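Here is the structure we will look at, set down as structure tokens.
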Amino acid sequence: MAAMMQPQIILLKEGTDTSQGKPQLVSNINACTAVSDVVRTTLGPRGMDKLIHDDKGNVTISNDGATIMKLLDIVHPAAKILVDIAKSQDSEVGDGTTTVVLLAGEFLREAKPFIEDGVHPQNLIRSYRTACSLAIEKIKELAISIEGKSLEEKKSLLAKCAATTLSSKLIGGEKEFFASMVVNAVVAIGNEDRLNMIGIKKVPGGSMRDSFLVDGVAFKKTFSYAGFEQQPKKFVKPKILLLNIELELKSEKENAEIRLSDPSQYQSIVDAEWNIIYDKLDKCVTSGAKVVLSRLAIGDLATQYFADRDIFCAGRVTEEDLQRVAAATGGTVQTSVNNVIDEVLGTCEIFEERQVGNERFNIFSGCPLGQTATIVLRGGADQFIEEAERSLHDAIMIVRRALKNSTVVAGGGAIDMEISRYLRQHARTIAGKSQLFINSYAKALEVIPRQLCDNAGFDATDVLNKLRQKHALPSGEGAPYGVDINTGGIADSFANFVWEPAVVKINAINAATEAACLVLSVDETVKNPKSESAQGEAAAGAMMGGRGRGGAAFRGRGGRGMRRR
Amino acid sequence: MGFSMQPYGIQAMLKEGHRHLSGLDEAVLKNIDACKQLSAITRTSLGPNGMNKMVINHLDKLFVTSDAGTIVNELEVQHPAAKILVLAGKAQQEEIGDGVNLTISFAGELLQNAEELIRTGLHPSEIISGYTKGISKSIELLGELVEEGSENMDVRNKEQVISRMRAAVASKQFGQEEQLCSLIADACIQVCPKNPANFNVDNVRVAKLLGGGLHNSSVVRGMVLKNDAFGSIKRMEKAKVAVFVGGVDTSATETKGTVLIHSAEQLENYAKTEEAKVEELIKAVADSGAKVIVSGAAVGEMALHFCERYKLMVLKISSKFELRRFCRTTGAVALLKLSAPSPDDLGYVDSVSVEEIGGARVTVVKNEEGGNSVSTIVLRGSTDSILDDLERAVDDGVNTYKSMCRDSRIVPGAAATEIELARRLKEFSFKETGLDQYAIAKFAESFEMVPKTLAENAGLNAMEIISSLYERHASGSTKVGIDLEGGACVDISGSSGPWDLYITKFFALKYAADAACTVLRVDQIIMSKPAGGPRREQPAGMDDD
Chain A
1 MAAMMQPQII LLKEGTDTSQ GKPQLVSNIN ACTAVSDVVR TTLGPRGMDK
51 LIHDDKGNVT ISNDGATIMK LLDIVHPAAK ILVDIAKSQD SEVGDGTTTV
101 VLLAGEFLRE AKPFIEDGVH PQNLIRSYRT ACSLAIEKIK ELAISIEGKS
151 LEEKKSLLAK CAATTLSSKL IGGEKEFFAS MVVNAVVAIG NEDRLNMIGI
201 KKVPGGSMRD SFLVDGVAFK KTFSYAGFEQ QPKKFVKPKI LLLNIELELK
251 SEKENAEIRL SDPSQYQSIV DAEWNIIYDK LDKCVTSGAK VVLSRLAIGD
301 LATQYFADRD IFCAGRVTEE DLQRVAAATG GTVQTSVNNV IDEVLGTCEI
351 FEERQVGNER FNIFSGCPLG QTATIVLRGG ADQFIEEAER SLHDAIMIVR
401 RALKNSTVVA GGGAIDMEIS RYLRQHARTI AGKSQLFINS YAKALEVIPR
451 QLCDNAGFDA TDVLNKLRQK HALPSGEGAP YGVDINTGGI ADSFANFVWE
501 PAVVKINAIN AATEAACLVL SVDETVKNPK SESAQGEAAA GAMMGGRGRG
551 GAAFRGRGGR GMRRR
Chain B
566 MGFSMQPYGI QAMLKEGHRH LSGLDEAVLK NIDACKQLSA ITRTSLGPNG
616 MNKMVINHLD KLFVTSDAGT IVNELEVQHP AAKILVLAGK AQQEEIGDGV
666 NLTISFAGEL LQNAEELIRT GLHPSEIISG YTKGISKSIE LLGELVEEGS
716 ENMDVRNKEQ VISRMRAAVA SKQFGQEEQL CSLIADACIQ VCPKNPANFN
766 VDNVRVAKLL GGGLHNSSVV RGMVLKNDAF GSIKRMEKAK VAVFVGGVDT
816 SATETKGTVL IHSAEQLENY AKTEEAKVEE LIKAVADSGA KVIVSGAAVG
866 EMALHFCERY KLMVLKISSK FELRRFCRTT GAVALLKLSA PSPDDLGYVD
916 SVSVEEIGGA RVTVVKNEEG GNSVSTIVLR GSTDSILDDL ERAVDDGVNT
966 YKSMCRDSRI VPGAAATEIE LARRLKEFSF KETGLDQYAI AKFAESFEMV
1016 PKTLAENAGL NAMEIISSLY ERHASGSTKV GIDLEGGACV DISGSSGPWD
1066 LYITKFFALK YAADAACTVL RVDQIIMSKP AGGPRREQPA GMDDD
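Protein chains in written order, with this note's numbering: chain A, 1 to 565; chain B, 566 to 1110.
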């Protein structure tokens, strides 16, 4: 009947692209492993950085998995899932983004031969999920709590976590220096932890060692008018007034209009305007504040006025900085200068303007509420500082999580090896196919130590054998052994203070497994044509990418043509 | 043949460009073929081991799901006959909210079997009459299969709820159904009103937050707003709430107006009076005892300033629906204008606090005492597509709860019901004298699709399973279904094994049969010439065969 069917059955809209079955699953897996191959070389202390040059000509140098994934602009639907998990890891724990992509890619790589051999993906998924929950339980069991230690002790423990994260970054050379800085910053903001209360200011020039931490707020000197130079630049225990109004001569309201019948009144109107601004300034002064900050402009008149009265002022302070000053000094941002009570004024130990590089910084230190901290980063090239900022962000997140959850595990691939061993052991107790699958899951976990070695130029096979032997010791004393990045051998990661918060690993394994299962559970891709509005050049690109990398080989026999005759 | 057709008859009558198809080969069989293809797409998603589909819709949004309702919605099915199936699926979605896949796949199977009958020479009308008899008999039989004593259930008993909900949720998120069911059941039971029949699906909300995993998910009595609070006050407990729809700001005229100022004093006082006015309003709100102000529109800077001064927490909810739900949660009356609220208009919350979950700042509004108004399931997952899929599973679960509030009867799941229906219907068909005997027999056979697909999706040998199911059913144990884990037949009575809601099955079968009969009734297709510009180029990949 087929040949004479005329016209063909058009089930779906024209231009719809469908593909189904095993080949498309394999193609999805290929795409995902291709993506994970991109980031794999960035893992670990000896990982390499990537230079990404986007279409706008911006250059980014990074070794942060999430940043790279975001910039890669992936269009393949399955591979996009990997971008998502990297982002999720970034928002949930802040670090371990490379790990999560790498793990997901490896889980899929291990699954591929099974799929090709005709195993039903659901069987794989079920085993992977079981393995995942076993792994997480094991991590929880192995994790060591830092709860109940004194603050000093805790700080040094947290610094070790931060150092582990930083060691894999560009600023790894100065990890101790930055680690203690990060820990101090996080401890300073206390329990009310809001990430934006830690400011990172970048000042090109100088060396990394010139970076410093302010236990308060620091921001770059804002635009200023004449008279600013006469203002005092240092105060001890000043009162600080935070404003959200303009201190400038300008019309009060857009919708007000003045109509005069008597020209002699003209001068009085001009005077009135001056009166209004003088009145405002006067109120600022009488409030007793010595430092006046505003989110909006502070004009030349006001600057001069304040200078005459030994008051420091700064206009056009960014919202973020103003919020931080408010939180640190205990003040409240005012939208009116009427009725300024003492309660809304903030204070701090010392306010000063300081030269940092070729910039001048306003620095508030010794704040009573102490909920903020600012890190002033110094360094050579712009890209370098950018990357340093990202690295510090990761370290800050790690310390925050470690502080909250208070459990750590041994890094350097030690925990991965231990879980791998545990799962292998567990697999032997299972009769049935899932033994194989859990074994392959365990094997996939070994990718972390293996990649660490590869990136450092060691013989991965050799190191891995040593590690396996250590971890297999029945006494269990080998559990904390991981790759020793300095010597190329193996070492007790715990004793070497290569520590990671347990939550990073838990989340990474969880997210990677979820993503792998999601990719495995897809057996059909249907791509509808874009609607008219969304159509354009992008359509062509997306179409190509849709079947993209690695999938090309299957194109001929892969897609089961839905629009058959 | 077709291409050599000369314009004559109806072709000559219609405007050029019309397409006209009639007769068995051209119309009926083609329609059936289209429906078969559609059901072939959905059927691999049936059951707990069903596979997901990746659908990219015309807006480039990616869906990864095994929820048939979503799949067919996003597929943009164009074939008119296949659309009927889609509509049947949608009807099921509206009525029950679950079992869409069963509807579409079963209808596809019915049509496939009809094709065989047509080839053997039956006229579609005989098939239709047979199918109609088949469905009315099946429904009668389905009623007999209802588990005894199941019509009385306590919709507030978590265990009973979960046992009925598990099958629906497991078919979307296999392996995670335990966790999900308990979340959904908790949320539903919380908001279940005194008369369960009035259960409103809208009262169970889902908040999706990226990061973490399902084990971090939780249920909140109250609401989770996905934005931060305004101002510096981020936490308030046991507070009265005032809700203003129109925004918290100085009132401005809608008509464009200009303030005329005549003298210097007026100019000086202009700003002051405005300030005083705002202060007066905010003070009035604060004096009424409210501690939290919720605004449905913009919050003016001046107003915010005074809210801070009077230590009021300010929230903004711009969605009208969210605002309505918020009022329901807190029991507040939404006021149009910023003014002093009367004590009756104030709502109450146990706590409002801004929390950071997975990098996102959300406002959690809790109301423990008011209890049964709104509850929110906070879902966590590592990617957006996982979260979306979890949400769909939750939706199905909540809908199942709604259905069981109305009718709590259950039938054995895991294909036990289908096999039993097939067996009894076959017996029934032998008693029919007319030609529709064949059609009824085929109708019975169609039920085998369910166990077959379940087994296939789980990687089991379908034929073996079906035959052993028949064997067990024939020997009297009518509640034997497939155990997908073990890959064998198992008696699910007694165990907590999957139970399906009677009402879900009832509607799914009914809609499927109706859709199949509608498709069969068509003998002519007339398609008018599509309006608009030139046809687009046929994309490559067309010529697969």
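Yeah, the Cβ is synthetic: ideal placement off N, Cα and C, and Gly gets one too. The structure displayed is predicted, hence computed values, not measured ones.
I'd like the list of long-range same chain contacts for residue i, defined as Cβ closer than 7 Å, with 5 residues on each side in sequence excluded.
i, result
"A:Ala460", "Arg450, Cys453, Asp454"
"A:Glu387", "Ile61, Ser62, Leu170"
"A:Ser88", "Ala511"
"A:Arg424", "Asn439, Ala442"
"B:Leu1066", "Arg729, Thr965, Ser968, Met969, Ile975"
"A:Glu514", "none"
"A:Asp310", "Pro232"
Got a sec, what are the start and stop residues for the alpha helix (DSSP H) residue i sits in?
i, result
"A:Ala162", "151–167"
"B:His644", "Neither: B:His644 is in no alpha helix (DSSP H) and is coded neither H nor E."
If you run the structure through DSSP and keep just helix, strand and coil, what is residue i?
i, result
"A:Ile311", "coil"
"B:Tyr875", "coil"
"B:Lys723", "helix"
"B:Ala1081", "helix"
"A:Cys348", "coil"
"B:Glu674", "helix"
"B:Met867", "helix"
"A:Arg360", "strand"
"B:Glu743", "helix"
"A:Phe228", "helix"
"A:Arg567", "In the structure as shown, chain A begins at 1 and stops at 565. Residue 567 of chain A is therefore absent and cannot be evaluated."
"A:Glu524", "strand"
"B:Phe628", "strand"
"B:Ser1093", "coil"
"B:Cys1054", "strand"
"B:Ser701", "helix"
"B:Met801", "strand"
"B:Asn768", "helix"
Who are the Cβ neighbours of residue i in its own chain at under 8 Å, not counting the five residues just before and after it?
i, result
"B:Ala592", "Leu586, Val1087, Asp1088, Gln1089, Ile1090"
"B:Ile1031", "Ile984, Glu1013, Pro1016, Lys1017, Ala1020"
"A:Leu51", "Val59, Thr60, Ile61"
"B:Asp767", "Arg890"
Residues in the same chain with beta-carbon distance under 6 Å from residue i, minus the five sequence neighbours each way, listed in chain order, please.
i, result
"B:Met1028", "none"
"B:Ser694", "Asp1001"
"B:Thr823", "none"
"A:Leu157", "Ile146"
"B:Arg989", "Leu706"
"A:Gly96", "Gln89, Val504, Ala508"
What are the boundary residues of the beta strand (DSSP E) that includes residue i?
i, result
"B:Lys931", "925–931"
"B:Leu846", "Careful: B:Leu846 lies outside any beta strand (DSSP E), inside the alpha helix (DSSP H) at 829–852."
"A:Glu500", "499–501"
"A:Lys239", "239–243"
Please confirm whether any heavy atom of the ligand FMN lies closer than 7 Å to the CB of residue i.
i, result
"A:Val344", "As for the ligand FMN, it is missing from this structure, which has no ligand bound."
Please specify which runs of the alpha helix (DSSP H), each continuous and at least 4 residues long, are wholly inside the region 971–1047 of chain B, giving them in chain order. 981–995, 1001–1011, 1014–1022, 1027–1039
Should the region 221–229 of chain A be regarded as contacting the region 792–808 of chain B, the criterion being three or more beta carbon pairs within less than 8 Å? no
Secondary structure, alpha helix (DSSP H): runs of 4+ residues fully inside the region 166–222 of chain A: 175–189
Assess contact between the region 373–392 of chain A and the region 167–181 of chain A, defined as three or more Cβ pairs (one per stretch) separated by less than 8 Å. Is contact present? yes
Taking 8 Å as the cut-off, does the region 286–294 of chain A touch the region 338–345 of chain A (at least 3 CB pairs, one atom from each stretch)? Touching, yes, given that three or more Cβ pairs across the two stretches are closer than 8 Å.
With three or more C-beta pairs closer than 8 Å as the rule, is the region 946–965 of chain B touching the region 802–813 of chain B? No, they do not touch.
Does the structure place the region 858–873 of chain B close enough to the region 828–844 of chain B that three or more beta carbon pairs sit under 8 Å? They touch, by the three-pair rule.
Quick test of the definition: if touching needs 3 or more C-beta pairs under 8 Å, does the region 657–670 of chain B touch the region 629–639 of chain B? yes
So, do the region 600–610 of chain B and the region 670–679 of chain B have three or more beta carbon pairs nearer to each other than 8 Å? yes
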